[in-house]
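Engineer: Numbering (the working numbering), first residue to last: -8 to 117.
(1) Please look up how many angstroms separate the CB atoms of residue 33 and residue 70, rounded, as I've assumed it's under 8 Å.
(2) So what does DSSP say about residue 57, is it helix, strand or coil?
(3) With burial defined as no fewer than 16 other Cβ atoms inside 10 Å of the residue's Cβ, what is the status of residue -6: buried or exposed?
(4) Helix, strand or coil: which one does DSSP assign to residue 45?
(5) What does a CB cutoff of less than 8 Å around residue 4 pick up in its chain, not counting 5 residues either side in sequence?
(6) So what does DSSP say about residue 73, is it helix, strand or coil?
(7) Beta-carbon within less than 8 Å of residue 42's beta-carbon, same chain only, minus the 5 sequence neighbours each way: which residues are those?
(8) Mapping the DSSP letters down to three states, classify residue 95 as helix, strand or coil.
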């Protein structure tokens, strides 16, 4: 893995921490518009990370979601007891949704980049 991708993944983990903190705070304060903005930021970060940082889409998605996993493993059992399985199950579902959105956005950027680089190579070959 090249240095640019490593730095990009480290920044993706830091960004995932910030986005999760803001999303968590927005849920408990009832700021649903801010939660939607946070959910849209995950694929936006993936687009930038894959496009500029040249990291793989699945690595970026894992890096963005990884800060949520310790919290999920720690708090999910307590949330199940307090709120019930269906309401507590929304947190893992939301984390899975964020992972899929980030991976899909990164995958689209990687495919577009690969297609555009193939088009340039085809045009230059006689």
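Don't be surprised by glycine CBs; every beta carbon is placed ideally from N, CA and C.
Owing to the predicted nature of the structure, the values given are computational and were not obtained by experimental measurement.
Structural biologist: Straight from the coordinates:
(1) The count along the chain shown starts at 1 and reaches residue 33 at position 42. The count along the chain shown starts at 1 and reaches residue 70 at position 79. Going by Cβ atoms, the distance from residue 33 to residue 70 rounds to 21 Å, so no, they are not a contact pair.
(2) Start at 1 with the first residue of the chain shown, and residue 57 comes out as number 66. Residue 57: coil per DSSP, three-state reduction.
(3) On the chain shown, residue -6 is found 3 positions in, with the first residue counted as 1. Per the 10 Å Cβ criterion, exposed.
(4) Along the chain shown, read from residue 1 onward, the residue named residue 45 stands at position 54. In this structure, residue 45 counts as coil in the three-state DSSP scheme.
(5) Locating residue 4 in the chain shown gives position 13, counting from the first residue. Counting only residues of its own chain and dropping the five nearest sequence neighbours on each side, residue 4 has a CB closer than 8 Å to the CB of 54, 55, 57, 58.
(6) What you label residue 73 is simply residue 82 of the chain shown in a count that begins at 1. In this structure, residue 73 counts as helix in the three-state DSSP scheme.
(7) Here residue 42 refers to the residue found at position 51 of the chain shown. So the qualifying residues of the chain are 100, 104.
(8) Position 104 of the chain shown, counting from 1, holds the residue named residue 95. Of the three classes helix, strand and coil, the one that applies to residue 95 here is helix, per DSSP.
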